[in-house]
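Report on one structure; see the data block that follows.
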Ligand code: FAD
């Protein structure tokens, strides 16, 4: 099923993100996450591609296929373009199509000083255009409520986001953020810029102090004072940090859904307990929203 249909049918779309294990990691963590949330029926599950500018292999496609065939869920395969040429992109799209994957999240990818870009693609909008020219996929794109770190201003970033939507992105997923006001202000600016596509809020539960420090330095998201206090109070105690991080993310999600967010994309970090606890505590809320009349 194409994800754009989901957005037509539902007021709130709830999805999860998993990532292929690093070289020596085990794929079991992903399957444990999927096992533990299968009965919660996320609307779709996305699988990252060579994140952090690292080389990609075929594991995104393999995991996406398993999501569909073994778990009966809708997969969204991420695909980056900075380190690929057109022939490689076409080959990957063929592989995804053969695996029955119908949805792609089209990305530029992070710059990696050790891997010079191939040069055929500079921006995600070019990848979106290439996928649309080929046909066969629903295309989603990334967006940044606080602006992309490379962008001089949020306004400039939104102008380039409009290029992605005009090229054919039918839904957007945000970078993680910790202050819902950033999302609301961003949505307002998108509507002003003429972007009407659904914007799913990307939420990452903070369950580990050093992990979040690493993520924030990579993506530039700011940490509100309230969360700084939580991190300094509980960061040294894994169990307390897990409880506090899940409570913070749950509160964020309930507020977003109460204010009409069109969906939540949960960055699970392949942690089945996080996926399970958050999905469990918001399941009835998502259901309630989708039951409501206009
Ligand atoms: P783009 O949309 O191309 O934007 C990149 C920068 O270029 C922005 O600053 C933008 O303003 C600017 N820009 C765009 N067009 C133009 C133009 N015409 N002229 C001048 N400037 C322009 N990375 C991975 O490696 N693998 C993943 O699986 C992955 N999944 C992600 C999922 C989500 C939901 C998000 C938010 C990010 C993900 N990333 C992933 C990270 C992403 O690859 C990086 O944030 C990357 O730096 C930008 O990708 P993009 O697709 O947003 O780029």
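Residue numbers (the working numbering): 1 to 294.
For each residue, glycine too, the CB sits at the ideal point set by N, CA and C.
Going by CA-CA distance only, name the one from the options that's closest to residue i.
i	options	result
residue 284	5, 9, 14 and 75	14
residue 145	180, 3 and 29	180
residue 245	257, 73, 231 and 255	231
residue 220	176, 260, 209 and 256	176
residue 154	188, 170, 125 and 121	188
residue 7	191, 33, 225 and 172	172
residue 29	100, 277, 215 and 272	272
residue 206	192, 191, 235 and 288	235
residue 238	208, 249, 213 and 250	208
residue 111	132, 135, 81 and 22	81
residue 312	109, 266, 222 and 257	The first residue shown for the chain is 1 and the last is 294, placing residue 312 beyond what the model contains.
residue 57	262, 77 and 151	77
residue 198	149, 142 and 213	142
residue 39	63, 21, 216 and 72	72
residue 3	277, 137, 233 and 91	137
residue 251	183, 229 and 282	282
residue 84	125, 117 and 170	117
residue 37	49, 122, 217 and 16	16
residue 108	182, 270, 223 and 160	160
residue 22	59, 12 and 93	59
residue 92	275, 289 and 131	131
residue 89	254, 134 and 264	134
residue 50	249, 106, 247 and 139	106
residue 170	67, 274, 233 and 140	140
residue 156	182, 69, 190 and 276	190
residue 248	261, 277 and 262	277
residue 147	222, 87 and 100	222
residue 79	104, 11, 68 and 182	104
Quick check on the burial criterion: 16 or more other C-beta atoms within 10 angstroms. Buried or exposed for residue i?
i	result
residue 113	exposed
residue 1	exposed
residue 259	exposed
residue 46	buried
residue 164	buried
residue 200	buried
residue 210	exposed
residue 202	buried
residue 61	buried
residue 33	buried
residue 286	buried
residue 228	exposed
residue 43	buried
residue 192	exposed
residue 126	buried
residue 65	buried
So, with DSSP's three-state summary, where would you put residue i?
i	result
residue 92	helix
residue 202	strand
residue 79	strand
residue 174	strand
residue 267	strand
residue 73	coil
residue 14	strand
residue 185	helix
residue 290	helix
residue 103	strand
residue 27	coil
residue 300	This structure gives no information on residue 300, because the portion of the chain shown stretches from 1 to 294.
residue 222	coil
residue 282	helix
residue 272	helix
residue 249	helix
residue 195	coil
residue 162	helix
residue 261	coil
residue 242	helix
residue 169	coil
residue 33	helix
residue 84	coil
Length at least 3, wholly inside the region 35 to 69: the beta strand (DSSP E) runs in chain order: Listed in chain order, the complete beta strand (DSSP E) runs (minimum 3 residues) inside the region 35 to 69 are 44 to 47.
Secondary structure, beta strand (DSSP E): runs of 3+ residues fully inside the region 106 to 153: Fully enclosed beta strand (DSSP E) runs of 3 or longer: 138 to 143.
With distances taken from each beta carbon to the nearest heavy atom of the ligand FAD, which residues come in below 5 Å, in chain order? Those residues that bring their Cβ nearer than 5 Å to a heavy atom of the ligand FAD are 48, 49, 51, 78, 80, 107, 108, 109, 110, 123, 124, 142, 148, 150, 151, 157, 160, 173 and 175.
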